[in-house]
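So the structure is just underneath, and the comments pick up after that.
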Amino acid sequence: MGVVNRAFGGRRGRSDSRLPPGQTIVDDWPVLTAGPTPDVGAHEWSFTITTEGGLEHRWDWSELHALGVEDVVTDVHCVTHWSRLDMPWRGVPVDLLFEDVETGYDYVMVRSYGGYTTNLPLEDLLDGKAWIATEAEGSPLTPEHGGPARLLVPHLYFWKSAKWLRGMQMMPSDEPGFWEQNGYHLRGDPWLEERYW
């Protein structure tokens, strides 16, 4: 009879067909952050999409919410091997922000208050795939979880759901952001285990 260490390998007894390879289901919401937590209130928050010509499309807190808010229940998967299933969120679909944005570029550099960046193909943000989330689990996002607003891209690893969202810069090609420059995969599909380069 072999030795069993309950701390090794996570909670393997809990599985679900929605769990990507190498992931473990958790009930809490781990806080993982690179650098200090920015202190940005909703009254001073704004979001900008900058196109290739330098044209800036800007929304403040009220203007963002006036676009239309959706309730979303989705799974999220962190590159550090934890997953939360059926997590409730509230936010504005990224599709609504791009309705009046004309661009010929296919990539985006997402920028956060505090300097964090992550790159995404535009197709991973549109067609009902991404939101600017302002609430989670029925409450406003706290600063440690990216409040007042974070990107929510649930079909990719959670580092792509940038905390403290402040803007997107359109790009002609896929350039790496913060974690991508430090060895993480350019895209981050959890079903393909695109964790690292």
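Here the sequence shown is numbered in the UniProt record's numbering, starting from 1 and rising by one per residue.
Where is the CB? At the ideal position from N, CA and C, for every residue including glycine.
Remember, it's a predicted structure, so these values are computed and weren't measured experimentally.
Residues of its chain near residue i, where Cβ-Cβ distance is below 6 Å and the 5 sequence neighbours each way are ignored
i: Pro20; result: His77, Pro190, Trp191
i: Phe8; result: At Phe8 the pLDDT is 31, less than 50, meaning the model places this residue with poor confidence; the figure from the coordinates comes in the next sentence. Here the set comprises nothing.
i: Pro143; result: Thr37
i: Pro172; result: Tyr105
i: Arg187; result: Glu194
i: Trp29; result: none
Candidates the options: closest to residue i by CA position
i: Leu55; options: Met168, Pro143, His185, Tyr196; result: Met168
i: Val31; options: Val92, Ala162, Glu70, Leu156; result: Ala162
i: Gly138; options: Trp45, Asp28, Pro172, Arg90; result: Arg90
i: Phe47; options: Asp28, Ala149, Gly188, Glu70; result: Ala149
i: Leu152; options: His43, Asp60, Glu70; result: Glu70
i: Arg58; options: Arg18, Leu96, Glu135; result: Leu96
i: Ser17; options: Asp27, Gly41, Asp75; result: Asp75
i: Val79; options: Gly128, Trp159, Arg187; result: Trp159
i: Thr134; options: Glu194, Arg166, Val108, Asp28; result: Arg166
i: Ser112; options: Gly147, Ala136, Glu123, Leu125; result: Gly147
i: Leu156; options: Glu193, Asp174, Asp27, Ser173; result: Glu193
i: Glu44; options: Asp124, Trp29, Asp60; result: Asp60
i: Leu141; options: Gly188, His185, Trp164; result: Trp164
i: Asp174; options: Glu123, Gly68, Ala136, Gly41; result: Glu123
i: Pro154; options: Lys129, Thr33, Ala136; result: Lys129
Close-in-space but distant-in-sequence residues of the same chain around residue i (CB under 7 Å, 5 per side omitted)
i: Arg11; result: Note that Arg11 scores a pLDDT of 44, beneath 50, so its modelled location is shaky; the value from the coordinates is reported in the next line. Closer than 7 Å at the Cβ level, and outside the excluded window around Arg11, lie Thr24, Ile25.
i: Met170; result: Thr50, Thr51, Glu52, Thr103, Tyr105, Val108
i: Gly68; result: Val92, Leu96
i: Gly2; result: The pLDDT assigned to Gly2 is 36, lower than 50, so where the model puts this residue is not dependable; a value taken from the coordinates is nonetheless given after this. No residues qualify anywhere along the chain.
Bridge partners - residue i, DSSP secondary structure assignment
i: Glu70; result: Gly91
i: Leu120; result: Val108
i: Phe47; result: Trp59
i: Thr103; result: Per DSSP, none; premise fails for Thr103.
i: residue 215; result: Given that the chain is displayed from residue 1 to residue 197, the structure contains no residue 215 and the question cannot be resolved.
i: His77; result: Ser83
Residues of its chain near residue i, where Cβ-Cβ distance is below 8 Å and the 5 sequence neighbours each way are ignored
i: Gly183; result: Tyr196, Trp197
i: Trp131; result: Glu70, Val72, Trp89, Gly91, Val92, Pro93, Val94, Leu151, Leu152
i: Asp127; result: Asp95
i: Thr33; result: Glu144, Lys163
is_contact[residue i, chain C] using C-beta, thresh 9 Å
i: His81; result: Although the question refers to chain C, the structure presented lacks it and comprises just one protein chain.
Stretch-stretch touch, CB-based, cutoff 8 Å, three pairs: the stretch 179-192 with the stretch 116-129
yes
Does the stretch 50-68 come into contact with the stretch 78-86, if we say contact requires no fewer than three beta-carbon pairs (one atom in each stretch) closer than 8 Å?
no
Is the stretch 42-57 close to the stretch 89-101, with three or more CB pairs under 8 Å?
Yes, the stretch 42-57 is in contact with the stretch 89-101.
Which runs of the alpha helix (DSSP H), 4 residues or longer, sit entirely within the stretch 131-195?
178-181
Using 8 Å as the Cβ pair cut-off and three pairs as the minimum, do the stretch 33-43 and the stretch 118-132 touch?
With the rule of 3 Cβ pairs closer than 8 Å, the stretch 33-43 does not count as touching the stretch 118-132.
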